[in-house]
Amino acid sequence: MQLPLFFIMKLALYIHIPFCIRKCKYCAFYSVPYQENLVSYYIRALSKEIEFYRKHLSESEIVSVYIGGGTPSLISPDSLEEIIVKIKKYTCLSPGIEFTIEVNPKTLSSESASRYRSLGINRCSVGIQSLNDNELKVLGRPHDAQEAMQCLNLLMASQWENISVDLIYGIPDQTLKSWGATLKLIGGYDIHHISTYCLSYEPGTALNKNKENNQLQPLSPELEEEMYFFMVDHIQDYGYEHYEISSFARTPEFYSRHNINYWLGNPYLGFGPAAVSTIDDKGRLTRHTNYSDLDKYIKQLERGQLPVQSMEILEQTEQINEYIMLHLRLIEGLSLAEFERKFSLSFQEYAGESLKYLLDDGFLEFKNNYIRIPSSKLFISNSIISELF
Ligand code: SF4
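Numbering (the numbering used here), first residue to last: 114 to 502.
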């Protein structure tokens with residue numbers, strides 16, 4: 114039966130592949146060392162989890178699929194195919210959707226790159242992080258700069274229509290010169306999208322322990338800020354549009370649709386351990402998070418139970434705060450008209466006094482009925498946004 118159009122929800126899908134070659138020193142994502150014998154159990158569990166959501170899938174229009182991790186390129190394309198076939202059993206993945214796979218330069222081959230394409234995957238996101246061997250060592254990445262460039266050459270040669278790279282700045286011992294060298298090399302490739310991150314020291318990571326034991330010296334916040342603006346200028350000079358605090362695209366066609374779905378606060382379903390979902394459940398926006406424990410995740414599904422560790426209903430204040438936080442990440446900012454339409458409340462009414470002093474002090478500005486963070490203040494966006502709550 115064809116559902117009437119107004120029942121169709123737009124939904125993004127995230128599939129977590131939790132296996133990694135080894136743990137990078139800065140990484141706080143959920144991942145486990147790769148064990149080949151676990152993969153088939155995991156794929157079976159993922160299939161079961163997808164089945165639990167068949168109603169949501171069949172009643173939704175899928176806007177994007179993102180296979181992330183972990184390191185999805187560690188498992189075989191055949192295993193990925195099983196998952197894709199399972200999803201397609203319940204919903205349509207139209208050829209026009211953005212369908213991304215994250216790859217690690219160490220694990221991509223020309224065979225796997227072409228198999229991904231034959232599975233309908235049309236966007237490849239590569240964890241390059243740096244093209245400086247010392248910096249890659251500090252981060253504990255399993256690849257070196259040469260392997261990262263070989264991976265990009267391989268993707269260029271197989272003519273992927275949408276390639277994204279991740280880069281990190283603020284690495285101990287990194288200089289503006291070495292950051293500039295990485296950016297220049299990246300600027301020489303015909304890459305469509307660039308995501309950048311300032312290195313953070315997350316609790317529980319090896320890098321954080323080293324910092325606490327005084328075994329490394331983090332860069333000063335001033336230098337991190339200088340690196341941010343240096344990067345914004347250089348990437349734009351290489352012909353990219355700066356469309357989100359840390360994201361750049363050749364043209365709007367290459368904006369990350371999957372991330373935009375998050376930033377716009379639209380529903381998404383995440384599968385796998387530690388995956389988070391935010392979905393409309395009988396008119397209430399709910400968020401649930403899966404167990405960050407592969408063993409528990411698999412066992413729950415084998416028992417026929419959902420692997421959900423926590424669930425919350427997002428009340429209106431929470432929804433508004435998230436909406437503000439995510440929309441102000443976009444360079445165009447937050448549409449005042451859309452805010453009012455969505456929450457039946459004006460932004461000025463909600464933000465009150467804080468809005469006034471943030472505007473007066475130049476931390477926010479109005480532009481064409483949008484409110485946004487001026488480009489000179491983007492590096493401190495988190496502090497500015499937190500003033501509005
Ligand atoms: S490859 Fe990615 S997910 Fe895996 S440990 Fe490194 S940063 Fe974390």
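For every residue, glycine included, the Cβ atom is placed at its ideal position computed from N, Cα and C. In this text, all values refer to a predicted model and were calculated from it rather than measured experimentally.
| field | When ILE484, SER225 and SER457 are compared against LYS469, the one with the closest alpha-carbon | value | ILE484
| In angstroms, rounded to a whole number, what distance separates the CA positions of GLN432 and HIS440? | 12 Å
| Any heavy atom of the ligand SF4 closer than 7 Å to the Cβ of GLY183? | Yes, the ligand SF4 has a heavy atom inside 7 Å of this Cβ.
| Apart from the five residues on each side of it in sequence, which residues of its chain come closer than 6 Å, Cβ to Cβ, to PRO218? | HIS256, GLU260, ALA261 and CYS264
| request: Using the Cα positions of ASN245 and SER171, report the straight-line distance between them to the nearest angstrom. | output: 46 Å
| said: Tell me which residue opens and which closes the beta strand (DSSP E) that SER390 is part of. | reply: 389-394
| field | Same chain, Cβ closer than 6 Å to VAL389, five either side skipped, listed in chain order | value | GLY383 and THR402
| request: Report the three-state DSSP secondary structure of GLN287 (helix, strand or coil). | output: coil
| said: Considering just the uninterrupted stretch of the alpha helix (DSSP H) at TYR463, what are its terminal residues? | reply: 460-473
| request: Assuming VAL516 and SER192 form a contact by the criterion Cβ under 8 Å, report the distance between their Cβ atoms to the nearest whole angstrom. | output: The structure shown does not extend to residue 516, since the chain is modelled only from 114 to 502, so the question has no answer here.
| task | Can you say whether ILE426 is buried or exposed, counting buried as having 16 or more other CB atoms within 10 angstroms of its CB? | result | exposed
| query | Helix, strand or coil: how does DSSP classify ASN434 here? | reply | Looking at ASN434 - three-state DSSP - the assignment turns out to be helix.
| request: Measure the C-alpha to C-alpha separation of ASN374 and ARG400 and round it to an integer number of angstroms. | output: 15 Å
| query | What's the call for ASN482, buried or exposed, on a 16-neighbour Cβ count within 10 Å? | reply | With fewer than 16 other Cβ atoms within 10 Å, it is exposed.
| Cβ-Cβ distance between CYS237 and ILE210 below 8 Å | no
| message | Going by DSSP in three states, HIS355 sits in which element: helix, strand or coil? | response | strand
| said: Could you check whether TYR310 and SER359 sit closer than 8 Å to each other, using their CB atoms as the reference points? | reply: yes
| query | Excluding five sequence neighbours on each side, which residues of the same chain lie with their C-beta closer than 8 Å to the C-beta of SER459? | reply | LEU449, PHE452 and GLU453
| said: Taking contact to mean 3 or more Cβ pairs, one atom from each stretch, closer than 8 Å, check whether the region 169-183 and the region 341-357 are in contact. | reply: no
| For PHE119, which three-state DSSP category applies? | Because the pLDDT at PHE119 is just 41, under 50, the model does not fix this residue reliably, and the value given afterwards should be weighed accordingly. Note: PHE119 maps to helix in three-state DSSP.
| field | is_contact[ALA141, chain C] using C-beta, thresh 8 Å | value | Within the model displayed, chain C is absent; a lone protein chain is all it includes.
| Straight-line Cα distance separating LYS322 from LEU252 | 13 Å
| Under a Cβ-count criterion, where at least 16 other Cβ atoms within 10 Å of its own Cβ denotes burial, should LYS199 be classed as buried or exposed? | buried
| For LEU377, which option in SER186, ILE188, LEU471 and ASN434 has the closest C-alpha, if you only look at C-alpha atoms? | Between LEU377 and the set SER186, ILE188, LEU471 and ASN434, the nearest pair of CA atoms involves ASN434.
| message | Taking 6 Å as the limit between beta carbons, can you name the residues of its chain near SER160, skipping five residues before and five after? | response | The beta carbon of SER160 is closer than 6 Å to those of LYS199 in its chain, skipping five residues each way along the sequence.
| query | Leaving out the 5 sequence neighbours to the left and right, which residues in its chain are closer than 8 Å to ASP163 when beta-carbon positions are compared? | reply | It is worth fixing the name first, because residue 163 is Ile in this sequence and not Asp. Closer than 8 Å at the Cβ level, and outside the excluded window around ILE163, lie LEU170, ILE196, LYS199, ILE200, TYR203 and PHE384.
| Sorted by chain position, which residues of the same chain lie with C-beta nearer than 6 Å to GLY56's C-beta, five sequence neighbours on each side aside? | There is simply no residue 56 to check, as the chain begins at 114 and stops at 502 in what is shown.
| query | Do ILE281 and ILE307 have their CB atoms nearer than 8 Å? | reply | Not in contact: ILE281 and ILE307 (Cβ atoms no closer than 8 Å).
| field | Classification of CYS205 by the beta-carbon crowding that lies within 10 angstroms, buried from 16 upward | value | CYS205 comes out exposed.
| Apart from the five residues on each side of it in sequence, which residues of its chain come closer than 7 Å, Cβ to Cβ, to GLN285? | The identity of residue 285 in the sequence shown is Pro, whereas the question assumes Gln. Counting only Cβ-Cβ distances below 7 Å, and skipping sequence neighbours, we find VAL251, LEU329, GLN330, PRO331 and LEU332.
| query | For the beta strand (DSSP E) that ASP257 lies in, which residues bound it at each end? | reply | Element bounds for ASP257: n/a, residue is neither H nor E.
| request: Return helix, strand or coil for HIS305, following the three-state DSSP convention. | output: coil
| task | Output the residue ranges of the beta strand (DSSP E) runs that lie fully inside the region 359-417 and measure 3 residues or longer, sorted by chain position. | result | 360-362, 381-384, 389-394 and 397-403
| query | Roughly how many whole angstroms lie between the Cα atoms of MET114 and SER173? | reply | Residue placement at MET114 cannot be trusted, given a pLDDT of 35 that sits under 50; the coordinates are not used to answer.
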